[in-house]
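Enquirer:
Number of protein chains: 6
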Amino acid sequence: MRGDGRLANQLRPVTITRNYIKHAEGSALIEVGDTRVLCTASVEEKVPPFLRGAGHGWITAEYSMLPRATEQRTQREATRGKLGGRTMEIQRLIGRSLRAILDLKDLGERTLWIDCDVIQADGGTRTAAITGAFIAVVDAVSALRRRGALQKLPIRDFLAATSVGIVEEQMLLDLRYKEDSVASVDMNVVMTGSGKLVEVQGTGESAVFSRDQLNELLDLAQLGIQGLIDVQRATLGDLAAGIGQKPL
Amino acid sequence: MRGDGRLANQLRPVTITRNYIKHAEGSALIEVGDTRVLCTASVEEKVPPFLRGAGHGWITAEYSMLPRATEQRTQREATRGKLGGRTMEIQRLIGRSLRAILDLKDLGERTLWIDCDVIQADGGTRTAAITGAFIAVVDAVSALRRRGALQKLPIRDFLAATSVGIVEEQMLLDLRYKEDSVASVDMNVVMTGSGKLVEVQGTGESAVFSRDQLNELLDLAQLGIQGLIDVQRATLGDLAAGIGQKPL
Amino acid sequence: MRGDGRLANQLRPVTITRNYIKHAEGSALIEVGDTRVLCTASVEEKVPPFLRGAGHGWITAEYSMLPRATEQRTQREATRGKLGGRTMEIQRLIGRSLRAILDLKDLGERTLWIDCDVIQADGGTRTAAITGAFIAVVDAVSALRRRGALQKLPIRDFLAATSVGIVEEQMLLDLRYKEDSVASVDMNVVMTGSGKLVEVQGTGESAVFSRDQLNELLDLAQLGIQGLIDVQRATLGDLAAGIGQKPL
Amino acid sequence: MRGDGRLANQLRPVTITRNYIKHAEGSALIEVGDTRVLCTASVEEKVPPFLRGAGHGWITAEYSMLPRATEQRTQREATRGKLGGRTMEIQRLIGRSLRAILDLKDLGERTLWIDCDVIQADGGTRTAAITGAFIAVVDAVSALRRRGALQKLPIRDFLAATSVGIVEEQMLLDLRYKEDSVASVDMNVVMTGSGKLVEVQGTGESAVFSRDQLNELLDLAQLGIQGLIDVQRATLGDLAAGIGQKPL
Amino acid sequence: MRGDGRLANQLRPVTITRNYIKHAEGSALIEVGDTRVLCTASVEEKVPPFLRGAGHGWITAEYSMLPRATEQRTQREATRGKLGGRTMEIQRLIGRSLRAILDLKDLGERTLWIDCDVIQADGGTRTAAITGAFIAVVDAVSALRRRGALQKLPIRDFLAATSVGIVEEQMLLDLRYKEDSVASVDMNVVMTGSGKLVEVQGTGESAVFSRDQLNELLDLAQLGIQGLIDVQRATLGDLAAGIGQKPL
Amino acid sequence: MRGDGRLANQLRPVTITRNYIKHAEGSALIEVGDTRVLCTASVEEKVPPFLRGAGHGWITAEYSMLPRATEQRTQREATRGKLGGRTMEIQRLIGRSLRAILDLKDLGERTLWIDCDVIQADGGTRTAAITGAFIAVVDAVSALRRRGALQKLPIRDFLAATSVGIVEEQMLLDLRYKEDSVASVDMNVVMTGSGKLVEVQGTGESAVFSRDQLNELLDLAQLGIQGLIDVQRATLGDLAAGIGQKPL
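Chains as they are written, first to last, in the UniProt record's numbering: chain A, 1 to 248; chain B, 1 to 248; chain C, 1 to 248; chain D, 1 to 248; chain E, 1 to 248; chain F, 1 to 248.
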């Protein structure tokens, strides 16, 4: 049993509140335990210069933490005047993950701007951001379809992410900050609704791991991601049916 | 009657949720109509180098908007690599206003970091930030008192702020974005519970105004601020009694 | 009597030297006591991208202090790589103030760049900058009219600014640095020739002030600004007649 | 057969030139096909402030490409004034990978600065950087041991890295740029001499992959990394014996 | 005869106004024709960290142009957020030149900050800056001597600078902007009162020059610099006697 | 005799390796003693905006040092976020020097990007950069001529550079770092094959020098540059004949 009473293979409670922000085309507040990330998807009716005339769309993601999302206040990157390496790594990961299930051709010459802002952090903010951003994207493209700009949802499959790790020799699903900070191996996994991998990032923190351990961690991640996709499906209701109509 | 059914001298509905963030010593989510600002107060047990040994504390404020707080997505200042003029002006205003009612000597050699993050913007974000930050500060210093670090609350008086303006010749209280963007005169007023002024910033937007109009706007602001302080008082409950025990 | 022998309601000696810089379309060196600010107005025959085709002009202001304008040398913002909050606040104030009396429609699709560089600082640099920039603007637009680019001066009224404050319970006009640094209330006022307010910025420095005090300070400011406008009128000579032909 | 005549599971020719730079404590020029990376390890006899007195050392890595390492000239990050996300991601990866096999306690209160500069790029620059940096680190710590500053090499195991990917349904080892740019799945793998994983980063490029494909790619990577470690072992000669004397 | 009526070997009119700025320890406004540079020397009673305890002083120079010093307004470097190459080159030149005649040992553990701000530019701003900064330095160290902090002036010799160039095959002294901008060869020369060279920077602008031409230009520069030093000597009056008491 | 056994007027051994980088249109690794600089010339088929339609080309140079090119590791400018003054000065010098012998009209509307990256530094990196960049430029424009884009080589003359200086009263050619760091006078000279000067930068390092010493140093530099041009000529082989066909 873990510090918060969970089993090793158990997710924290997950809630997703759709349309949290009135201005955004799509938005979702995702809460995974005490981790809270506000995800918005904004539609811009043009693409970056290097894609003009290419006949397909673009998606780009930004990630940030409020200064007091963390136990100790962290300095704003705007105040420091530049983005840190961790932030850049995470926003690249979010963008890449969403590109795997979004049909940019069907999107047309548009850009989706994804913003993931961590309101409160307790481990797993990047994976919560991906899971929540998926919902915001679905709502943003649904709005486009509703007003006739798209024929069908350009979403090939569900997409969610979670973290797994090895803490004191034990394999754990969905690490809280306390667990994450002492994990010897830490892995972020992004998967689709059909169980395909989009991204695997496994890291030994001054430690190493075997192929067997890798596989065991992936089993655990897959279990958790299926649970997250169940929540997504319930959250989206009728909209869920429009996802993945076009096979991957 | 205004677009949202309010009278000229009526505030929008105001709610303040205390302790919104578990990590922060004090935090409040303030909602003024559709404007939502998350305010946190963080205690650091030291002062900036230029104040070391001076025997009193310091307070500093930062302000930011999430990119999709606004109708059109705005670029992150962290991405642009620098703070804009508007942001700097606002964070200086917030810090200065709080310094007027905070007894820095009683605070001791500590820094209060105030973070005001606009989650959703619909006019009046800077004044909502001041009104909400006041609550976060009270909670942060109360926590210090509870753990014996302070003898009494170093808060001299209540503090709240609102905007007033002239729109199509009419004097209005608590402008929404739609009103603010067409106002010919725009004024932010910060006041204490005893009706003293802390800050008056009146601006003709390509327009000018008379001394009489200034006075009428100030009357309106005073009315609104009294309403806001009533909300603060109700929100704080028992804590309210500890404010202003030391005369200003 | 004040440190420099002035009465509470007396301005420092003011001189304005027109055409101080040979390259600029308009320029003025304004001296208010020991405060010296060099103001230039540069005409650019285009507007920023967001105004193209809008049929009217633009005005933008920049403000800076030479490193040794101050008692202690201050680091250059160019060396630090970014503008400070105080600088941004001041340049926004200067631009906004001038926009109130400049008819941007009559200016045509042109930009006026205002540069205010403090050569020597002894309090009141921002208000001196506004008062001097007004002269530079008049000269720049007069040059446009002389070469037939404008039919009449697009200047609706005179414009000047001063600071007032409360020092040791006394209301003072036109604060020197020594007075300003100990003032409990500090107010910058921008007014037109016809006595209309353009900007009022009153600030309690860790202090508060009453409505009555605000009014008394405004009376004092109005007196001072009338004196400054007298100097402007004398400086401009014949040109003064062309100002405000079009009612505000 | 691949464009350059290799089999799917074949590495490009690899050469490592030790002591390429006379000033550095350790340095290696690694060439993997046409990819050439200059790796240096610099010893600094202190640790960053946050580690002072902690009794162990630190290692930090920087990565850069010369502007004309690439087919099209790329702008210098020094000229743009900031590091890109890709660069930050890579330098974090290199540092993390080396930390997994370096015994920071045995290193003592010292910092190893790793610099990996890509002289010519043809795919796999980050994995070549890790493989080459390992040699530079061994030489730098050997120099410390030779002058008596260390008792034994604080290196727990060999370390090398390669990339694998899926190109037109085929699994390939050690991708050239031409292959990498069209791969649907791209994976970087960092492994130790004893076959343990240090880092696995698998990414679907607008594509997804199955658990079976992941495993097949890992088999291929393991094969390649063994080949690279054979080259490292031959390059180091006698020094190789001192590695991993302390079990991981 | 040149455009402004001068002979080829004639300087423009030169005036130097000492103590132009009341706050600075030394200051001079130098006017060379229409070029006007404000030079200040500020004394700081400490040296940069890398010189602490070395028993001698330091001198460092900064150079800047006001935006409207030039015919076309130039953007502020503070606004662009970084110093340009030309600025850096010039401030390094000014600092280096002054170090050649300043006895840093005699100065003691102090820093002299030199600020050269171009108020109006018409060619030769960097050489005017050196010539004027020399006066500001003499005044700053004289102030130190007067208050007993120094025994004698730590100035080994006079120092002045001018530009020479080849315009349409003709050798010219002290180029105005109009001449400088069409010169095929452009040379800045810094010399001491005893005729020794401190710096020679000769540049062919898309052109080349012979050894003979170099020598002829140096003759011309020497003539001009002697004239400038005569002006310096007259400006300094009695102080001139204290310079170079210690042989170079 | 000098530390490395050279006579005062002797160059260090010089080798130039052409086509060191496969991607670049022209590239050369130049080694002058232990100084190694990698120079590339990249052709871009357009000119900067300010030259569009002007009917001639442009050349621009960048210079950088790898962090461990130096005895002590130097921080990357990309990490610091800005170019230092020394770097800017050097890249301006390289660009200007090459412009003197390149016929920009004959080049057509193209830009040559010159990159000089110091792999290992032991004095004279800027002059080695110029000497090596010349070869890279010749190769780049030769490639343009071979594919018919140019009729003849737009190179008016050979170009090389060296440093000379006064060390302990002795005039030395081609200073190593050890010599350079103790030189009282330091001069960089850029010359053409026909013995014309392109750039002379002589600097007293807290010292001064006479006209006679200047001339002696120039004699020494001329001798060295002739030696360097002999190496260039030998390196270029047949291509050498195409240089300077058009008289300067």
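All residues carry an ideal CB built from backbone N, CA and C; glycine is no exception.
This one's a predicted model, so the numbers in the text were calculated from it and none came from an experiment.
(1) Contact between the region 225-243 of chain D and the region 225-235 of chain A is defined here as three or more beta-carbon pairs at a separation below 8 Å; is this criterion met?
(2) Please compile the residues from chain A whose C-beta is within a distance smaller than 9 Å of the C-beta of D:Q201.
(3) Out of curiosity, what's the CA-to-CA distance linking F:P48 and F:Y63?
(4) List the residues of chain C that B:S210 touches, going by C-beta distances under 9 Å, in chain order.
(5) Hey, does A:R99 have any beta-carbon neighbour from chain B nearer than 9 Å?
(6) Please confirm if B:L22 has its CB atom under 9 Å from at least one CB of chain A.
(7) Look at the Cβ atom of residue 265 of chain F, then the Cβ atom of F:E199, and state whether they are nearer than 9 Å.
(8) Start and end of the alpha helix (DSSP H) containing D:G165?
(9) So, is residue 291 of chain C buried or exposed, given that buried needs 16 or more other C-beta atoms within 10 angstroms?
(10) Going by the beta-carbon positions, is the gap between B:I30 and B:I16 smaller than 9 Å?
(11) Along the region 50-75 of chain F, where does the CB come closer than 9 Å to a CB of chain D? Name the residues.
(12) Using 10 angstroms around the beta-carbon of F:F158, count the other beta-carbons present and answer buried if the total reaches 16, otherwise exposed.
(13) Between the region 162-169 of chain D and the region 134-143 of chain D, do three or more beta carbon pairs fall short of 8 Å?
(14) Please check if any C-beta of chain D sits within less than 9 Å of the C-beta of residue 252 of chain A.
(15) Which whole runs of the alpha helix (DSSP H) in the UniProt domain "Exoribonuclease phosphorolytic" (158-222) of chain A are 4 residues long or more, in chain order?
(16) Where do the N-terminal and C-terminal ends of the alpha helix (DSSP H) with D:R80 fall, by residue?
(17) Mind the definition here: the region 106-114 of chain B touches the region 98-109 of chain A only if three or more C-beta pairs lie below 8 Å; say whether that holds.
(18) Please determine, among A:R99, A:L220 and A:N19, the residue with the shortest C-alpha to C-alpha distance to A:L7.
(19) Hey, quick one: how far does the alpha helix (DSSP H) through D:T87 stretch, first residue to last?
(20) Can you tell me which of C:M1, C:V208, C:I59 and C:A61 puts its alpha carbon nearest to the alpha carbon of B:T192?
(21) Report the CB separation of A:L223 from A:L173 in whole angstroms; it is logged as a contact under 8 Å.
(22) Where does F:G3 sit, in a helix, a strand or coil, going by DSSP?
(23) Could you work out which residue in E:R96, E:D139 and E:K152 is closest to F:V185 when comparing CA atoms only?
(24) Would you verify that the beta carbon of C:D117 is, or is not, closer than 9 Å to some beta carbon of chain B?
(25) Leaving aside the five residues before and after F:R233 along the sequence, list all residues of the same chain whose C-beta is less than 6 Å from its C-beta, in chain order.
(26) Rounded to the nearest angstrom, how far is the Cβ of F:R110 from that of F:V43, given a contact under 8 Å?
(27) Between which two residues does the beta strand (DSSP E) containing D:G26 stretch?
(28) I need the straight-line Cα distance from F:L248 to F:L11, nearest angstrom please.
(29) Pull up the CB-CB distance for F:T127 and F:T162, whole angstroms please, since I reckon it's below 8 Å.
(30) Please report the distance separating the alpha-carbon of A:R76 from that of A:L66.
(31) Pull up the distance between the alpha-carbon of B:Q72 and that of B:A121, whole angstroms please.
(32) Do D:I155 and D:I114 come within 9 Å of each other at the CB atom, strictly closer than that value?
(33) Quick one: what's got a C-beta closer than 6 Å to A:V231's C-beta in the same chain, skipping five residues either side?
(34) Flag this pair as yes or no: are the beta carbons of A:V118 and A:A69 separated by less than 9 Å?
(35) Tell me the rounded alpha-carbon separation between E:G26 and E:A41.
(36) Tell me where the beta strand (DSSP E) around D:A61 begins and ends.
Expert: Quick answer:
(1) no
(2) E199, V200, Q201, G202 and T203
(3) 19 Å
(4) G195, K196 and L197
(5) no
(6) Reading off the sequence shown, one finds Lys at residue 22 of chain B, where the question assumed Leu. Closer than 9 Å to some Cβ of chain A, the Cβ of B:K22 qualifies, so yes.
(7) Nothing in the structure corresponds to residue 265 of chain F, since chain F is present only between 1 and 248.
(8) Note, D:G165: premise wrong, no alpha helix (DSSP H); beta strand (DSSP E) at L159 to V167.
(9) Residue 291 of chain C cannot be examined here, being either before or after the span of chain C that is shown, 1 to 248.
(10) yes
(11) E62, S64, L66, P67, R68, A69, T70, E71, Q72 and R73
(12) buried
(13) no
(14) Chain A is shown from 1 up to 248; residue 252 of chain A falls before or after that span and cannot be answered.
(15) 177-180
(16) E77 to R80
(17) no
(18) A:L220
(19) G85 to I101
(20) C:V208
(21) 7 Å
(22) coil
(23) E:R96
(24) no
(25) A240
(26) 6 Å
(27) G26 to V32
(28) Annotation note: pLDDT 49 at F:L248 (below 50); position unreliable, coordinate value reported separately. Straight-line Cα distance between these residues: approximately 27 Å.
(29) 5 Å
(30) 7 Å
(31) 11 Å
(32) no
(33) V14
(34) yes
(35) 5 Å
(36) W58 to M65
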